[in-house]
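Going down the list, the sequences are from chains A, B, C and D. Mapped onto this note's numbering, the consecutive letters of the first sequence carry residue numbers 1 to 452. Mapped onto this note's numbering, the consecutive letters of the second sequence carry residue numbers 453 to 904. Mapped onto this note's numbering, the consecutive letters of the third sequence carry residue numbers 905 to 1356. Mapped onto this note's numbering, the consecutive letters of the fourth sequence carry residue numbers 1357 to 1808. From the three backbone atoms N, C-alpha and C, an ideal C-beta is built for every residue, glycine too.
Protein chains: 4
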Amino acid sequence: MCGIMGIYNNTEASTLAYMGLYAQQHRGQEGAGIVSANEGKLFRHMGQGLVSDVFSEPSVFDELQGNSAIGHVRYSTTGESDRKNVGPLMFNVDDIPISIAHNGNLVNAADVRRRLQQEGAIFQTSTDTEIIIHLLAREQGKTIADRLERALQKVAGAYSLLIITPDELIAARDPHGIRPFCLGRLKDAYLLASETCAFDLLGADYLRDIKPGEMLVIDPDGLHTKQIFPETQPRHCIFEHIYFSRPDSRIFDENVDKIRRKFSKILADEQPAPGADIVISVPDSSNTNALGYARRANLKYEIGLIRNHYVGRTFIFPSQRLRDLSVKLKFNTVRGVLKDREVVVVDDSIVRGTTLKKLTRLLKASGVKKVHVRIGSPPVRHPCFYGMDFPTETELLAADHSEAEMQAIIAVDSLGYLSIDGMLNATGADKEHFCTACFSGNYPVIPKGDHD
Amino acid sequence: MCGIMGIYNNTEASTLAYMGLYAQQHRGQEGAGIVSANEGKLFRHMGQGLVSDVFSEPSVFDELQGNSAIGHVRYSTTGESDRKNVGPLMFNVDDIPISIAHNGNLVNAADVRRRLQQEGAIFQTSTDTEIIIHLLAREQGKTIADRLERALQKVAGAYSLLIITPDELIAARDPHGIRPFCLGRLKDAYLLASETCAFDLLGADYLRDIKPGEMLVIDPDGLHTKQIFPETQPRHCIFEHIYFSRPDSRIFDENVDKIRRKFSKILADEQPAPGADIVISVPDSSNTNALGYARRANLKYEIGLIRNHYVGRTFIFPSQRLRDLSVKLKFNTVRGVLKDREVVVVDDSIVRGTTLKKLTRLLKASGVKKVHVRIGSPPVRHPCFYGMDFPTETELLAADHSEAEMQAIIAVDSLGYLSIDGMLNATGADKEHFCTACFSGNYPVIPKGDHD
Amino acid sequence: MCGIMGIYNNTEASTLAYMGLYAQQHRGQEGAGIVSANEGKLFRHMGQGLVSDVFSEPSVFDELQGNSAIGHVRYSTTGESDRKNVGPLMFNVDDIPISIAHNGNLVNAADVRRRLQQEGAIFQTSTDTEIIIHLLAREQGKTIADRLERALQKVAGAYSLLIITPDELIAARDPHGIRPFCLGRLKDAYLLASETCAFDLLGADYLRDIKPGEMLVIDPDGLHTKQIFPETQPRHCIFEHIYFSRPDSRIFDENVDKIRRKFSKILADEQPAPGADIVISVPDSSNTNALGYARRANLKYEIGLIRNHYVGRTFIFPSQRLRDLSVKLKFNTVRGVLKDREVVVVDDSIVRGTTLKKLTRLLKASGVKKVHVRIGSPPVRHPCFYGMDFPTETELLAADHSEAEMQAIIAVDSLGYLSIDGMLNATGADKEHFCTACFSGNYPVIPKGDHD
Amino acid sequence: MCGIMGIYNNTEASTLAYMGLYAQQHRGQEGAGIVSANEGKLFRHMGQGLVSDVFSEPSVFDELQGNSAIGHVRYSTTGESDRKNVGPLMFNVDDIPISIAHNGNLVNAADVRRRLQQEGAIFQTSTDTEIIIHLLAREQGKTIADRLERALQKVAGAYSLLIITPDELIAARDPHGIRPFCLGRLKDAYLLASETCAFDLLGADYLRDIKPGEMLVIDPDGLHTKQIFPETQPRHCIFEHIYFSRPDSRIFDENVDKIRRKFSKILADEQPAPGADIVISVPDSSNTNALGYARRANLKYEIGLIRNHYVGRTFIFPSQRLRDLSVKLKFNTVRGVLKDREVVVVDDSIVRGTTLKKLTRLLKASGVKKVHVRIGSPPVRHPCFYGMDFPTETELLAADHSEAEMQAIIAVDSLGYLSIDGMLNATGADKEHFCTACFSGNYPVIPKGDHD
């Protein structure tokens, strides 16, 4: 998964991009980069790691002059965590520098890439993003925007993308609007971001979402919009509401926090936990879920697990005994709260289930009498081809197991999921308004070719 | 402030030290180091930054062989954040390598240092810890322990300290036991740590606290104890319970979480907030406080502020406008929770008040109607000479201001502190059992000489 | 200028490449790199600086496994000393990894690049070398070698080039054989190098030169040769004999040292220095020249200048006074040898003349009575389009100045150059056998398009 | 061995120190450092490696402000090539910063160190230099100079040393003047250096040598001299003339180049090589020797070996075969010069003989008929306790072998050394004027205690 940020017409463009990426750090922690445009050239600084690591020296902004910039935080969705795949990617098309930042995944990447290579194209990265640039380079057209429009007709899948050239900033979103993409304004500047939390941090105003199938070109003459795909049914990613987006963001025209609270209430109704003494969350992502559940179920909310926020990348410990301790590095249990209690643990979702399994073992070791797990979303049974970094189907806990089996695997006293209908009711939207493929297997865009 | 960790008689001593430091990372984020003893030599790895940064390469443990080790996490208490001050410090005394890790502050450091220099001593660091080694080097005695005992008679203040030599591990604690210091056991190994959370992480058993005025020597013959100062009234630092120690630790013979919950309940009784709609915390340190307050006051606990845990060291932004945004990098407000509400914000303590001031401004900007601040400890009016990294007196918000003035400065609708009596009642202990100097000005050990 | 090295069929291929580059370090000090082929993949290590700097950690060879390898030392000929231009360059052609190392310069690079871009090619570097790969990617053909043959029909200029794929090693040389290129053998391995000194270092046998217009393919079936251009008049770069190649190398079928000695003897005949007391060299490149001149002229050879070999890259000094000292960092004068003497200074060539000017001033300051400069080659009046890193024409001292003017500019008492005829006579070869364009303006291959 | 440099009263003091160290780089390549004094403080930059590596960033000079500075280049004489031993060393004596740079070795270091430790001194390095500071710190006295004078009465051995404090620059030399030490002047500034070549580079005037047993104090009132030891017989290190000092320096009141030429002439007389065709040198240190020998012996001087100046630190090669090639990395043979010739190889000295042995094997492999080695100094039979980095006695080739044995070991056709008398005659000085201990075993100052 990734987060993107664009600024046009502000003398501090790259610093604003930096802060916008900071606000969206949760969308990708593997790498970060910013490209700015100044005097006919593009300048890039990027690296692996968090935004604060990659941009730890203020001097890097000396090289990132100019009034427009784009930024990218990346979490690899394909396993190739190579430095050269960190965005924004930079290319020379006819010796014009061009840079691209992309959130989402193309579903016909392998096919198109193969065809382009047969025609002599030489790829620099293993990203699907690069395909768009090769297509663009081969199209005729008066402007980069014209060429981009034609190129996008040849790809399918999910994309919210930003392109910067020395003169302009271009934004485009796939016909189904699978990933979020917002337009904002700060005085004379236009801003683009995956989530509105970036605008809030900067004190900027949210104007509207980029429409599915829309292309925006921002240049010295202002903002130009064009619907490059006919309007169709949006299929927004419901998982953005469940887990991925920040609770204080507004995406797909709704507040994330509000939707998430509704999930927790319906969950409490659908999956009560009679006999439980307290409700705890798996901090921090499910705090709101747990609090909502507790209130609706009229149970006490307690802080029974504390997350250790100093945990960085730890290396693989030399002995099994030490490796087993790793979950304790991340979470501390508060024994006084837990001992001899029957506890509801609320989490937002289960993907592999590995951490939850370790966590419930830890809770039991702290004296919990019974553990009831309640999940604020349906079972994740199918892979995502649109950019959510789920593992392959075989690693998804729910893919091959019934709820009873899962309860046995994670060794808890009860396990309850939110239903698909309950989830969709919480949104208040039409059932087709969201992509629920990871839960339902109902894919709005069919992947072609070998997807890697 | 600092955290220390010692291990004797385990083949993975330095890895255990690493994990023990990890668990105690909250006690010092400025630097970390480990010294191990192997085949007559000491080996050190240390650096500035977090434990996970300093020990990011597993290969560093190749140099840290041996069955005993000590570790140190440091937060400078004097402003000299020089790399050479990061512990454990290493010296050669008569060409015997010796290393020391120290939590606490000496109060006669300047005097003793000056006298030692007049006698020709050459100091390598600006720490007070080094004084102990110079004193030791000048004392006669059959063993390092004998010499240390004599050396400690010449210093005053707070110290929990660990010394490692190629053959032994020595622990000593000041006569008043100002800082916490615990002894544990993991199979055949003895462990020493500032807080028991380090033992919990390692699956080790907590045996007992090191006694005030006690010296422990652990060598191949086992554990030897000696009371090197006569028993006297302990004066444990109450601020460890208020803020500094981890809630899941047991220090000074009491669970931190339990004491902290009592603080919050007495606070609710002493400082109600009639008219308030909800209670929120300043995450993460005051979550428990806020939850306890809400429950006692019969108010709704909500998550109105979310801490951004990706915030690393940010550099100083180039413009004032951007600098003003910095509090927003750390905290996100959940507008749906806050808008048009009258809110109680619970925090554990106020030192300078700078962050709280920015935070309440942020809350108001998010639509909060009224802000009531409630603090789970009394006003901090006096400096700490025993190792808590408070600023100088002039920077303490409460030093020169009445509560009314403070309420005006941080611009809130009401402000209420826990009373000293309320705080002490919560502990259930004798009033003299704790050092409350930062609140009361009543110092158990008087600083001498210029304190730097 | 550059140096290249290739090895096929030796288990220590990358280490041999390293040593072969070491021997050819004089051909390029700006960057170095090695690519090895192992199990269907290519592995690269490269960087800016000397071979010993780039390969300072033995661990880099752990990543460079495999039985074949190519290497490259680079001195940028176009001013873009960008890290990404350091060779060997790596590409993916149809997802087959391919790497190329190139010595020489193409003369139609700008034209071909522009045309390729119009067809959608996206360039990764600003090198002319990359053009060859794009051409190859667009050609049809059963093998990489077939496609390379077709691609090379579309470029003109100087090239000795090596291409490595997971299975084979390909060598090709331009139709005029402008740059040197040698084939050697070490037991079962084939070796390719710019100069034979690389073979001598490795204890390998020199087999023969790659022929002008020849392509060699070495694969598991052995060595295959093909004349991909009709045989024509070779035009070897005479400047390789004058200055560039190492004196102990054999290039263009002749020993460099032997030719260089002949230059010095003919120089002594053509440009005597009556009245001179001693002959000194500008160490180290003209030592042989100076010794040969002295012997032929029956004058004493002395060591009057000592080169300081510790001089690394010095930064620009803050004051003019210090900048003026810079030549003294490089050369020490031996006053006892020089004082009150009339001195012949022999150098191999003059390009800009900057150092020589500073040097003669230094000699005068050391008490030399008269300075006679004798140059072992004709005046350099024209740019080189084939890879020699001469400056632009306006910076060449001899481009716009008569010998009398040059004598005045470098402020010496006499100045004498070797004649073009004298130079060619020394080689014993046919006049057309060598490219003398930098002296004569007679270019064997005409540059097309904007040369950058 | 080491080189030192001091400047007092120049606004570019640290830059001058840098250049002075550059000129003296041959005296130590293991580490370099500069300390400057500014506004009551000392500032240091140092590191391992060459001057150009350690001072590769001009920004380091921003921290080295001030009008006085000292510098140090180091070659460890004791095997501890630890970073913390790189000079100038810095200490705080009574919280006054003080820094010291030292060329030479103390002979009673172990004894004094042990005594100081018994008194409680804590050593930071394993250098003998640190002893001087501890002694100084324990002495009473009105000034640092007074205390230094008293401290130096307690040490014995060789020292040319520089001490800088915020206010003054102090120079002192041992009673025998074993190592060189020169005073110079550049406008209003005083300069001190091991060798005059540093003054020549800076365009400064050489004033005189520091006298054996003299202490100089330079402060705002000017230069003050004091003879702190009674005048006695100087015992200058003859090896400085033979090999160590730069040929263009003037040390011990004589030009190095001039003395070295005399050595070569007497060598030619004492050790002719009848039947030889040519004379070659082992470049670069013995070029002058070889040329002088050739001229006196009426033989042709030729360049048969070329030193590869790009050779940096190479790592240990993985296979023996590659390790055997290492001498070829350093030296290229010019086969055309050597083949079928009977060759005199002149070198300045033999210590271990390892390189010479490899070199003669290389010459034979290049077709030399006979190799006659002639050495411009007597056999090195005894260790040096005064700072020359000879190996232990057992590693000295001449310690246990007759000349016939040595000839067999290095496998040459003849071997001839300069005699001790011949060497001393060349200097024209009294026999007792020089220390010849490494040749004669006649030590002017007897080492005490365990020398490490």
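Distance between residue j and residue i (C-alpha atoms, nearest Å)
i                : j                : result
Y1205 of chain C : P1178 of chain C : 15 angstroms
N1643 of chain D : I1636 of chain D : 8 angstroms
V1111 of chain C : L1120 of chain C : Reading off the sequence shown, one finds Leu at residue 1111 of chain C, where the question assumed Val. In a straight line, the C-alpha of L1111 of chain C is about 14 angstroms away from that of L1120 of chain C.
D1640 of chain D : N996 of chain C  : 47 angstroms
I1279 of chain C : L1319 of chain C : 8 angstroms
I1210 of chain C : N1459 of chain D : 25 angstroms
Y1742 of chain D : F1167 of chain C : 49 angstroms
T196 of chain A  : S249 of chain A  : 5 angstroms
A1560 of chain D : L1525 of chain D : 18 angstroms
CB contact check: residue i to chain A, cutoff 9 angstroms
i                : result
V789 of chain B  : yes
I1068 of chain C : no
Residue of the options minimising C-alpha distance to residue i
i                : options                           : result
Q952 of chain C  : C:V977, C:K945 and C:P1070        : C:V977
V1255 of chain C : C:S972, C:G975 and C:F1148        : C:F1148
S377 of chain A  : A:A408, A:Q271 and A:A171         : A:Q271
V343 of chain A  : A:A172, A:Y386 and A:Y293         : A:Y293
D705 of chain B  : B:I670, B:I758, B:P664 and B:L743 : B:P664
L1685 of chain D : C:I1314, C:L1106 and C:N1159      : C:L1106
R590 of chain B  : D:D1484, D:Q1473 and D:A1501      : D:Q1473
Neighbour flag for residue i against chain B, beta carbons, 9 angstroms
i                : result
E393 of chain A  : no
K431 of chain A  : no
Q29 of chain A   : yes
F1600 of chain D : no
Residue i at chain C interface by Cβ criterion, 9 angstroms
i                : result
V1407 of chain D : yes
Q271 of chain A  : no
L1558 of chain D : yes
T1689 of chain D : yes
Buried or exposed (CB count within 10 angstroms, at least 16 for buried), residue i
i                : result
D800 of chain B  : buried
T919 of chain C  : buried
P686 of chain B  : buried
I898 of chain B  : exposed
A916 of chain C  : A quick correction: the sequence has Glu, not Ala, at residue 916 of chain C. E916 of chain C should be labelled buried.
H1580 of chain D : exposed
Check: residue i C-beta below 8 angstroms from any heavy atom of the ligand MG
i               : result
R361 of chain A : Ligands are entirely absent from the displayed structure, and the ligand MG is therefore not among its contents.
Cβ of residue i within 9 angstroms of any chain D Cβ
i                : result
I1114 of chain C : no
- Task: For the region 1632-1646 of chain D, enumerate the residues whose C-beta is nearer than 9 angstroms to any C-beta of chain C, in chain order.
- Result: P1639, D1640, N1643 and T1644
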